[in-house]
Amino acid sequence: SGGIPGDIHKLWRSHAPNDYHSEYGYSCMGYEIAGALGIKLAAPERHVYAFLGDGSYLMLHTEIVTAVQEGLDLTIVVVDNHGFGCIQGLQRGCGGNNFGNEFRRRRGGRLEGQTVAVDFAKNAESLGAKGIRANTVTELRTALALSRNTRGVVVIAVTTPAGVRLPGYSWWDVPVAGTSRLPGVRKARAAYDRALRRQRFYY
(Lines of atoms letter the chains of each structure in order from A; the text may use other names.)
(Lines give C-alpha, C1' and ligand atoms only; values in the text may rest on other atoms or scores of the structure.)
Protein backbone atom coordinates (compact mmCIF):
# COMPACT_ATOMS: atom_id res chain seq x y z
CA SER A 1 0.00 0.00 0.00
CA GLY A 2 1.00 3.65 -0.03
CA GLY A 3 3.63 3.71 2.71
CA ILE A 4 5.54 0.65 1.58
CA PRO A 5 5.88 1.42 -2.18
CA GLY A 6 6.69 5.02 -1.33
CA ASP A 7 9.41 4.27 1.20
CA ILE A 8 10.90 0.79 0.88
CA HIS A 9 12.79 1.58 -2.34
CA LYS A 10 14.76 4.15 -0.31
CA LEU A 11 15.91 1.49 2.15
CA TRP A 12 16.17 -1.76 0.19
CA ARG A 13 19.23 -2.42 -1.95
CA SER A 14 18.38 -4.90 -4.68
CA HIS A 15 21.12 -7.29 -5.77
CA ALA A 16 19.16 -9.04 -8.53
CA PRO A 17 16.28 -8.13 -10.87
CA ASN A 18 13.83 -10.35 -8.98
CA ASP A 19 14.66 -9.82 -5.31
CA TYR A 20 12.10 -7.08 -4.62
CA HIS A 21 8.42 -6.93 -5.53
CA SER A 22 5.77 -4.34 -4.72
CA GLU A 23 2.37 -3.45 -6.10
CA TYR A 24 2.84 0.00 -7.60
CA GLY A 25 -0.09 0.13 -10.02
CA TYR A 26 -2.93 1.09 -7.68
CA SER A 27 -1.23 0.97 -4.26
CA CYS A 28 -3.71 -1.67 -3.12
CA MET A 29 -3.80 -2.21 0.62
CA GLY A 30 -3.82 -5.87 1.60
CA TYR A 31 -1.80 -7.03 -1.40
CA GLU A 32 1.42 -7.91 0.41
CA ILE A 33 0.64 -11.29 2.00
CA ALA A 34 -1.21 -12.59 -1.05
CA GLY A 35 1.64 -11.32 -3.25
CA ALA A 36 4.24 -13.06 -1.09
CA LEU A 37 2.25 -16.28 -1.26
CA GLY A 38 2.23 -16.09 -5.06
CA ILE A 39 5.96 -15.40 -5.18
CA LYS A 40 6.66 -18.38 -2.93
CA LEU A 41 4.56 -20.63 -5.18
CA ALA A 42 6.49 -19.35 -8.21
CA ALA A 43 9.90 -19.67 -6.53
CA PRO A 44 9.61 -22.38 -3.85
CA GLU A 45 13.39 -22.58 -3.41
CA ARG A 46 13.58 -19.01 -2.10
CA HIS A 47 12.77 -17.67 1.35
CA VAL A 48 10.15 -14.96 0.88
CA TYR A 49 9.56 -12.02 3.21
CA ALA A 50 6.43 -9.85 3.22
CA PHE A 51 6.63 -6.37 4.74
CA LEU A 52 3.44 -4.47 5.50
CA GLY A 53 1.71 -2.12 7.90
CA ASP A 54 -0.93 -2.99 10.43
CA GLY A 55 -3.70 -1.30 8.44
CA SER A 56 -2.89 -3.34 5.35
CA TYR A 57 -2.66 -6.52 7.47
CA LEU A 58 -6.15 -5.94 8.85
CA MET A 59 -7.55 -5.53 5.34
CA LEU A 60 -6.31 -8.91 4.07
CA HIS A 61 -4.41 -11.26 6.35
CA THR A 62 -6.44 -14.39 5.71
CA GLU A 63 -4.10 -15.68 3.00
CA ILE A 64 -1.97 -16.76 5.96
CA VAL A 65 -4.43 -19.67 6.22
CA THR A 66 -3.78 -20.54 2.56
CA ALA A 67 -0.01 -20.44 3.13
CA VAL A 68 -0.42 -22.73 6.16
CA GLN A 69 -2.62 -25.11 4.14
CA GLU A 70 0.00 -25.24 1.40
CA GLY A 71 2.86 -25.81 3.86
CA LEU A 72 4.75 -22.73 2.66
CA ASP A 73 7.67 -21.11 4.46
CA LEU A 74 6.98 -17.37 4.66
CA THR A 75 8.15 -14.58 6.93
CA ILE A 76 5.64 -11.75 7.36
CA VAL A 77 6.78 -8.56 9.10
CA VAL A 78 3.91 -6.38 10.34
CA VAL A 79 4.81 -2.81 11.30
CA ASP A 80 2.34 -1.81 14.01
CA ASN A 81 1.97 1.96 14.32
CA HIS A 82 -1.66 1.72 15.47
CA GLY A 83 -3.32 3.05 12.35
CA PHE A 84 -3.26 3.99 8.70
CA GLY A 85 -0.06 6.06 8.86
CA CYS A 86 0.29 6.78 5.14
CA ILE A 87 -3.32 7.91 4.78
CA GLN A 88 -3.02 10.04 7.90
CA GLY A 89 0.06 11.70 6.41
CA LEU A 90 -1.90 12.51 3.25
CA GLN A 91 -4.79 13.81 5.35
CA ARG A 92 -2.48 16.16 7.24
CA GLY A 93 -0.55 17.12 4.10
CA CYS A 94 -3.78 18.27 2.46
CA GLY A 95 -4.57 20.53 5.42
CA GLY A 96 -7.15 18.30 7.06
CA ASN A 97 -7.51 17.42 10.71
CA ASN A 98 -6.83 13.94 12.02
CA PHE A 99 -9.91 11.82 11.52
CA GLY A 100 -10.40 8.07 11.66
CA ASN A 101 -6.89 6.94 10.74
CA GLU A 102 -5.67 5.89 14.18
CA PHE A 103 -6.94 2.78 15.94
CA ARG A 104 -8.43 4.58 18.95
CA ARG A 105 -11.42 4.01 21.19
CA ARG A 106 -14.38 6.35 20.92
CA ARG A 107 -14.43 9.01 23.62
CA GLY A 108 -16.85 11.94 23.75
CA GLY A 109 -18.28 11.13 20.32
CA ARG A 110 -14.88 11.02 18.58
CA LEU A 111 -12.14 8.45 18.01
CA GLU A 112 -9.65 10.14 20.31
CA GLY A 113 -9.45 7.76 23.28
CA GLN A 114 -6.87 5.12 24.15
CA THR A 115 -5.15 3.19 21.38
CA VAL A 116 -6.81 -0.12 20.54
CA ALA A 117 -4.23 -2.81 21.29
CA VAL A 118 -4.28 -5.41 18.52
CA ASP A 119 -2.10 -8.44 19.21
CA PHE A 120 -0.92 -9.32 15.71
CA ALA A 121 1.30 -12.17 16.93
CA LYS A 122 -1.64 -13.90 18.61
CA ASN A 123 -3.86 -13.20 15.62
CA ALA A 124 -1.32 -14.92 13.38
CA GLU A 125 -1.15 -17.88 15.76
CA SER A 126 -4.93 -18.23 15.59
CA LEU A 127 -4.52 -18.71 11.82
CA GLY A 128 -1.87 -21.42 12.20
CA ALA A 129 1.30 -19.31 11.94
CA LYS A 130 4.04 -18.76 14.51
CA GLY A 131 3.72 -15.30 16.03
CA ILE A 132 6.66 -13.29 17.40
CA ARG A 133 6.71 -9.80 18.91
CA ALA A 134 9.69 -7.48 18.36
CA ASN A 135 9.89 -4.14 20.15
CA THR A 136 13.58 -3.33 19.55
CA VAL A 137 16.02 -3.60 16.65
CA THR A 138 17.82 -6.43 18.46
CA GLU A 139 14.57 -8.34 18.93
CA LEU A 140 13.74 -7.84 15.25
CA ARG A 141 17.14 -9.20 14.16
CA THR A 142 16.69 -12.20 16.45
CA ALA A 143 13.17 -12.82 15.13
CA LEU A 144 14.31 -12.61 11.50
CA ALA A 145 17.11 -15.10 12.14
CA LEU A 146 14.67 -17.43 13.89
CA SER A 147 12.17 -17.18 11.04
CA ARG A 148 14.85 -18.16 8.55
CA ASN A 149 15.25 -21.51 10.32
CA THR A 150 11.58 -22.14 11.10
CA ARG A 151 9.28 -24.21 8.92
CA GLY A 152 5.93 -22.69 8.02
CA VAL A 153 4.59 -19.17 8.27
CA VAL A 154 6.18 -16.80 10.79
CA VAL A 155 4.59 -13.42 11.55
CA ILE A 156 6.79 -10.85 13.29
CA ALA A 157 4.82 -7.97 14.84
CA VAL A 158 7.07 -4.91 15.17
CA THR A 159 5.81 -2.09 17.37
CA THR A 160 6.77 1.35 16.05
CA PRO A 161 5.83 4.86 17.19
CA ALA A 162 2.98 6.52 15.33
CA GLY A 163 3.80 9.51 13.17
CA VAL A 164 7.43 8.60 12.42
CA ARG A 165 8.07 8.74 8.67
CA LEU A 166 10.91 8.85 6.19
CA PRO A 167 11.70 12.16 4.47
CA GLY A 168 9.94 12.66 1.13
CA TYR A 169 12.77 13.78 -1.22
CA SER A 170 10.27 14.51 -4.00
CA TRP A 171 6.85 15.97 -4.67
CA TRP A 172 3.73 13.87 -5.13
CA ASP A 173 0.93 15.48 -7.12
CA VAL A 174 -1.98 15.00 -4.69
CA PRO A 175 -4.53 17.76 -5.38
CA VAL A 176 -5.85 19.76 -2.43
CA ALA A 177 -9.39 21.13 -2.27
CA GLY A 178 -9.66 24.39 -4.21
CA THR A 179 -12.02 26.02 -1.71
CA SER A 180 -12.39 25.54 2.02
CA ARG A 181 -13.26 27.40 5.22
CA LEU A 182 -10.37 25.70 7.03
CA PRO A 183 -7.18 27.80 7.17
CA GLY A 184 -5.04 24.64 7.07
CA VAL A 185 -6.62 23.53 3.79
CA ARG A 186 -6.22 26.98 2.23
CA LYS A 187 -2.56 27.03 3.28
CA ALA A 188 -2.04 23.53 1.85
CA ARG A 189 -3.74 24.59 -1.40
CA ALA A 190 -1.42 27.58 -1.76
CA ALA A 191 1.59 25.29 -1.24
CA TYR A 192 0.16 22.84 -3.78
CA ASP A 193 -0.28 25.61 -6.38
CA ARG A 194 3.32 26.76 -5.87
CA ALA A 195 4.59 23.19 -6.28
CA LEU A 196 2.44 22.70 -9.37
CA ARG A 197 4.07 25.72 -11.02
CA ARG A 198 7.52 24.23 -10.35
CA GLN A 199 6.58 20.82 -11.76
CA ARG A 200 8.81 19.61 -14.59
CA PHE A 201 7.95 17.08 -17.26
CA TYR A 202 10.46 14.64 -18.75
CA TYR A 203 8.78 13.59 -21.97
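Residue numbers for the sequence shown follow the working numbering, beginning at 1 and rising by one. Where a beta carbon is used, it is the ideal one built from N, C-alpha and C, also for glycine.
With DSSP as the reference, identify every bridge partner of residue i, one or two as the case may be.
| i | result |
| --- | --- |
| isoleucine 4 | Isoleucine 4 pairs with nothing; no bridge assigned. |
| phenylalanine 51 | Val77 |
| arginine 104 | Thr115 |
| arginine 110 | Arg107 |
To the nearest angstrom, report how far apart residue i and residue j are at their CA atoms.
| i | j | result |
| --- | --- | --- |
| cysteine 28 | serine 126 | 25 Å |
| aspartate 193 | alanine 177 | 11 Å |
| glutamine 199 | alanine 191 | 12 Å |
| valine 155 | glycine 96 | 34 Å |
| glycine 55 | alanine 129 | 19 Å |
| glycine 235 | leucine 52 | Because the chain is modelled from 1 through 203, residue 235 falls outside the range shown and cannot be assessed. |
| arginine 104 | asparagine 149 | 36 Å |
| leucine 166 | proline 175 | 21 Å |
| alanine 42 | isoleucine 64 | 17 Å |
| serine 180 | arginine 106 | 27 Å |
| phenylalanine 99 | glutamine 88 | 8 Å |
| isoleucine 8 | glycine 113 | 31 Å |
| glycine 35 | serine 22 | 8 Å |
| arginine 186 | glutamate 102 | 24 Å |
Hey, quick one: how far does the beta strand (DSSP E) through residue i stretch, first residue to last?
| i | result |
| --- | --- |
| glycine 35 | Careful: glycine 35 lies outside any beta strand (DSSP E), inside the alpha helix (DSSP H) at 31 to 42. |
| alanine 157 | 153 to 159 |
| alanine 134 | 130 to 134 |
Could you pull the start and end residues of the alpha helix (DSSP H) that residue i belongs to?
| i | result |
| --- | --- |
| glycine 93 | 85 to 93 |
| glycine 184 | 183 to 198 |
| leucine 72 | Neither: leucine 72 is in no alpha helix (DSSP H) and is coded neither H nor E. |
| glutamate 139 | 137 to 148 |
| glutamate 45 | Run containing glutamate 45: none; DSSP gives neither H nor E here. |
| asparagine 123 | 120 to 126 |
Compare the Cα-Cα distances from residue i to each of the options and report the closest residue.
| i | options | result |
| --- | --- | --- |
| glutamate 45 | Ala34, Glu23 and Leu74 | Leu74 |
| valine 78 | Leu60, Cys94 and Val68 | Leu60 |
| arginine 92 | Arg141, Asn135, Pro183 and Val65 | Pro183 |
| proline 161 | Thr136, Ala145, Asp173 and Trp171 | Thr136 |
| alanine 188 | Ile4, Leu72, Cys94 and Ala43 | Cys94 |
| valine 118 | Ala195, Val164, Tyr20 and Leu58 | Leu58 |
| glycine 163 | His21, Glu63, Asn81 and Gly35 | Asn81 |
| leucine 196 | Asp173, Tyr203, Tyr202 and Thr179 | Asp173 |
| phenylalanine 201 | Arg181, Trp171, Val185 and Arg186 | Trp171 |
| glutamate 70 | Phe99, Pro17, Leu37 and Leu146 | Leu37 |
| glycine 152 | Gly131, Thr142, Gly85 and Gly35 | Gly131 |
| isoleucine 39 | Trp12, Gly108, His15 and Ala67 | Ala67 |
| tyrosine 169 | Lys10, Ser14 and Leu111 | Lys10 |
| aspartate 19 | Ile4, Ile33, Glu32 and His47 | His47 |
| tyrosine 49 | Tyr203, Arg186, Thr159 and Ala143 | Ala143 |
| isoleucine 76 | Ser147, Thr159, Tyr203 and Gly3 | Ser147 |
| leucine 72 | His15, Glu139, Ile33 and Gly108 | Ile33 |
| arginine 133 | Leu90, Gly3, Ala157 and Trp12 | Ala157 |
For the ligand MN, is there a heavy atom less than 6 Å away from the beta-carbon of residue i?
| i | result |
| --- | --- |
| isoleucine 156 | As far as ligands go, the structure on display features none, and thus does not contain the ligand MN. |
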